[in-house]
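Just so we're aligned: 14 in my numbering is position 13 of the sequence shown, and the numbers increase by one with no gaps anywhere.
We put the beta carbon where it would ideally sit given N, CA and C, even for glycine.
As structure tokens, the structure follows; a few thoughts come after it.
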Amino acid sequence: MNLVSVKDYQELSEYACNEIEGVVRANPHSVLGLATGGTPLGTYQEMIKGFAERNVDYRHVTTFNLDEYIGLGREHPQSYYAYMMNNLFNHINVSPDHIHIPIGNGEGLELECHRYERLIEEIGPPDLQILGIGSNGHIGFNEPGTSFQSETHIVELAESTRRANARYFSSLDEVPQYAITMGIKSILKSKRILLLASGSHKANAVKTLLECDPDEGFPASVLKGHGDVTLVVDEGAVGIDNIVNSL
Ligand code: GLP
2 MNLVSVKDYQ ELSEYACNEI EGVVRANPHS VLGLATGGTP LGTYQEMIKG
52 FAERNVDYRH VTTFNLDEYI GLGREHPQSY YAYMMNNLFN HINVSPDHIH
102 IPIGNGEGLE LECHRYERLI EEIGPPDLQI LGIGSNGHIG FNEPGTSFQS
152 ETHIVELAES TRRANARYFS SLDEVPQYAI TMGIKSILKS KRILLLASGS
202 HKANAVKTLL ECDPDEGFPA SVLKGHGDVT LVVDEGAVGI DNIVNSL
């Protein structure tokens, strides 16, 4: 796992955007794995800027999102579908039929998991996967204890995850209890992975990740076994003394 240390959130966002744009320029038919949450918002803003100012062309790009809440329709403002449309897809020229996000409010959720995993197999895997990290080490919505062999599946959200995401809802009660997420095994199929961590509230998770061996109790630790992962941290997320070139 490589470690890139940047000054602040803006630099982290520019770094991630630059990597994405590099992949898309090298292969206009690239597959991108995208994440939600607060962390990638700056990256998406930079991508929108890049589309407008640097002529980055997403017309032939395919995207796969990691996860979606169960029980929220796509029109719900806190669905990850709405998040992606509002924060990225409505502002670049990605083709609507190239956008893939699990559907969390239909009948047959198990079938949906199966469909999504097969789609990743057929069209994917992502050339580059963007990941954030939960304070308990979750990636996507794979909570501690998730099997490293898991494919796309239904997950019950940890209380800490629901609390962390309650800031987007009017009350904790409104935060869904379940989600569909790409599994750990699905995520590891990506050719390259960028794991982004920004701010002092991520420092403990980053420290644990740096120190621990791969362990299902801390999902992000599985990334240490993947051949091409870059952890991008800003000064808030890792003490300045910990800056090293690689792990
Ligand atoms: C969420 C998402 C993850 C995200 C993580 C961290 O619940 N499902 O994909 O990486 O939690 O979120 P944030 O970036 O807001 O800290």
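Thinking C-beta only, is residue j closer than 9 Å to residue i?
i	j	result
Ile155	Tyr179	yes
Val24	Asp128	yes
Leu232	Asn88	no
Thr37	Ser199	no
Ile188	Asn143	yes
Ile121	Met183	yes
Leu67	Gly146	no
Ala238	Ser201	yes
Ile49	Ile93	yes
Pro126	Val62	no
Residue i to residue j, Cα distance in whole Å?
i	j	result
Ser151	Asp235	30 Å
Ala204	Leu210	10 Å
Glu108	Ile71	11 Å
Leu229	Lys192	A small fix is needed here, since residue 229 is Asp in this sequence, not Leu. So the alpha carbons of these two residues sit roughly 7 Å apart.
Ser136	Val223	15 Å
Tyr16	Leu110	36 Å
Arg119	Thr153	9 Å
Asn249	Glu22	The shown model of the chain, from 2 to 248, leaves out residue 249, and the question about it has no answer.
Looking at the secondary structure, which residues open and close the beta strand (DSSP E) in which residue i lies?
i	result
Thr182	Tyr179 to Thr182
Ala83	Premise fails: Ala83 lies in the alpha helix (DSSP H), Tyr81 to Asn88, not in any beta strand (DSSP E).
Ser161	Taken as a continuous stretch (DSSP letters only), Ser161 belongs to no beta strand (DSSP E), being part of the alpha helix (DSSP H) at Glu160 to Asn166.
Ile131	Leu129 to Leu132
Which stretch, first to last residue, makes up the alpha helix (DSSP H) that contains residue i?
i	result
Tyr10	Tyr10 to Ala27
Gln46	Leu42 to Glu54
Ala204	Ala204 to Glu212
Tyr117	Leu110 to Ile124
Can you tell me whether residue i is buried or exposed, with buried defined as 16 or more other CB within 10 angstroms of its CB?
i	result
Ala53	exposed
His139	buried
Asp214	exposed
Leu173	exposed
Ala27	exposed
Ser148	exposed
Pro78	exposed
Ser96	exposed
Pro177	buried
Ile13	Inspection of the sequence shows that residue 13 is occupied by Leu rather than by Ile. Per the 10 Å Cβ criterion, buried.
Pro29	exposed
Gly43	buried
Glu113	buried
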